Amino acid sequence: LGSGKAAIMLQDSREIRIVDGNRMQGGSIDFFAFEGEHWTSHEIDDSNTVNNRPVYYITNARSVSVPENAGQVILANSTDTPVEGVDFDNGPVGMHIAFSSRITVSNITVHDNSGNGLRVQQSDNITLESFDVSTSGMGILILNSDSVNIRNVTIRSSEYNSIELSGTNQVIMSDLNLVNSSRGVYI
34 LGSGKAAIML QDSREIRIVD GNRMQGGSID FFAFEGEHWT SHEIDDSNTV
84 NNRPVYYITN ARSVSVPENA GQVILANSTD TPVEGVDFDN GPVGMHIAFS
134 SRITVSNITV HDNSGNGLRV QQSDNITLES FDVSTSGMGI LILNSDSVNI
184 RNVTIRSSEY NSIELSGTNQ VIMSDLNLVN SSRGVYI
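Okay, so the sequence shown: first residue is 34 according to the working numbering, each after it adds one.
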């Protein structure tokens, strides 16, 4: 599966099972969903891979560690979960955070993604720090979220916006290095 876009797209879906070793090269799992159950009701196991690394679908969790060998991380309805030291590449979205709170994402590298390096949706108290994003459709997309802190982030060569904020409040941005993108920050 895979073509540099969404290998599997879940649009307003519930209770979908993606199991038993689906291999996605140059693509990953993407969501077009705006209700919590469209993010949390699925079964996606870590036998699925993006670029030969496991997909971690973490839902309804608290204080869980995400392994550094992730090919993709989907974090939904979770709290107090750090994501550190992961290298995402060559898919539509490296990491999704949806309907979650008190999440810290740090020391992440994202490169050659056709969509968003990181997408945060309907979440609060999110910290994104020590990030390096290069050659993505959009570096970071934050939708309908509150209390977001973005610091020490470098985004290079985004086709669209380095950072896009839509319906998002209480954002602090500091120490940003935005290079060679169509737009820097779009609010």
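Cβ coordinates follow ideal geometry from the N, Cα and C atoms, glycine included.
Small disclaimer: the values here were computed from a predicted structure and weren't measured.
| Asked | Found |
| --- | --- |
| Which class does E76 belong to by DSSP, given the choice of helix, strand or coil? | strand |
| Applying the 10 Å Cβ sphere with the 16-neighbour rule, what's the burial state of P125? | buried |
| Could you tell me the alpha carbon to alpha carbon distance between T31 and I130, rounded to whole angstroms? | Past the boundaries of the shown model lies residue 31; the chain is included only from 34 to 220, so the question cannot be answered. |
| Alpha carbon to alpha carbon, how far is N146 from V83? Give it in angstroms, no decimals. | 12 Å |
| State yes or no: is the C-beta of T104 within less than 8 Å of the C-beta of N140? | The amino acid at residue 104 is misidentified as Thr; the sequence shows Gly. No; because the gap between Cβ atoms is not below 8 Å, this pair is not in contact. |
| Thinking C-beta only, is E68 closer than 8 Å to V52? | no |
| Hey, could you find the ends of the beta strand (DSSP E) R189 is sitting in? | D179 to R189 |
| Quick one: residues in its chain with C-beta nearer than 6 Å to the C-beta of I136, no 5 flanking neighbours on either side, listed in chain order? | T114, I130 and I159 |
| Buried or exposed, going by whether 16 or more other CB atoms sit within 10 Å of the CB of Q155? | buried |
| Where do the N-terminal and C-terminal ends of the beta strand (DSSP E) with T168 fall, by residue? | D157 to L176 |
| Out of curiosity, what's the CA-to-CA distance linking I183 and S190? | 18 Å |
| Who are the Cβ neighbours of M128 in its own chain at under 6 Å, not counting the five residues just before and after it? | V106 and L151 |
| Identify the continuous beta strand (DSSP E) that holds Q203 and give its terminal residues. | N202 to V212 |
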